[in-house]
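Encoded as structure tokens, the structure appears first; notes follow it.
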Amino acid sequence: LIVVFIIQLLVWMTSRWTCVTYHMGANYTPAIHRWQIHRLVFPTFVHNDFPHIGWNVFVLFAVGMNAEHYLGTVGYAVLIAASALLGNIFTAGFRHNLCNQSVGASTVIMGIIGFEFLWFAFNWHKM
1 LIVVFIIQLL VWMTSRWTCV TYHMGANYTP AIHRWQIHRL VFPTFVHNDF
51 PHIGWNVFVL FAVGMNAEHY LGTVGYAVLI AASALLGNIF TAGFRHNLCN
101 QSVGASTVIM GIIGFEFLWF AFNWHKM
């Protein structure tokens, strides 16, 4: 996440692009309708600013440790990939304002939190 953000920041600082997040692959429903399906994965790695990526990294670290402990590294990687893909499909499919772009790892964070709720719901009696 941080490496992609640094590249994005350098492109933004050294160019005249006004839509850097769009060109880096932001989730944008009209583009997805034109079969730019890379926009269902790329937004996870693109962020708006330092607080945005900082908060995402912090929350991923805070909630992700438990999920990785329960699932193992490979299972956690699958959870991250599935959350990114399904979250971006959901975002693109149910967005009311089709002209908005979305970026960030929030879909992954929501997927991890959802997994942890389900894990606790099914395993609370073991604690």
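Note that the sequence shown covers residues 1 to 127 in UniProt numbering. Glycine included, C-beta positions come from ideal geometry on N, C-alpha and C. Bear in mind that the values here come from a model prediction, so they are computed numbers and not experimental data.
Other residues of its chain near residue i: CB distance less than 7 Å, five sequence neighbours each side excluded
{"i": "Gly25", "result": "His38, Arg39, Phe42, Pro43, Val46"}
{"i": "Ile115", "result": "It should be noted that the sequence gives Phe, not Ile, for residue 115. The answer, listed in chain order, is Ala67, Leu79."}
{"i": "Ser102", "result": "Ala26, Asn27, Pro43, Thr91"}
Within-9 Å CB hit, residue i to chain D
{"i": "Phe50", "result": "Protein chains in the displayed structure number just one, and chain D is not present."}
Anticipated Cβ contact below 8 Å, residue i with residue j, distance rounded
{"i": "Ile112", "j": "Ala77", "result": "Between Ala77 and Ile112 the Cβ distance is about 12 Å, and since that is not below 8 Å, they are no contact."}
{"i": "Asn56", "j": "Thr21", "result": "So it is not a contact: roughly 14 Å between Cβ atoms."}
{"i": "Ala84", "j": "Val108", "result": "5 Å"}
{"i": "Gly87", "j": "Met110", "result": "6 Å"}
{"i": "Leu60", "j": "Ala105", "result": "6 Å"}
Segment limits, alpha helix (DSSP H) that includes residue i
{"i": "Ala31", "result": "29-33"}
{"i": "His125", "result": "Taken as a continuous stretch (DSSP letters only), His125 belongs to no alpha helix (DSSP H), as it is neither H nor E."}
Residues near residue i in its chain [Cβ-Cβ closer than 8 Å; skip 5 each side]
{"i": "His69", "result": "none"}
{"i": "Ile2", "result": "Ile53, Val57"}
{"i": "Ile89", "result": "Leu40"}
query: Of all the beta strand (DSSP E) runs that stay within the bounds of the stretch 36-115, which reach a length of 3 or more residues?
result: List check, beta strand (DSSP E) in window: nothing returned.
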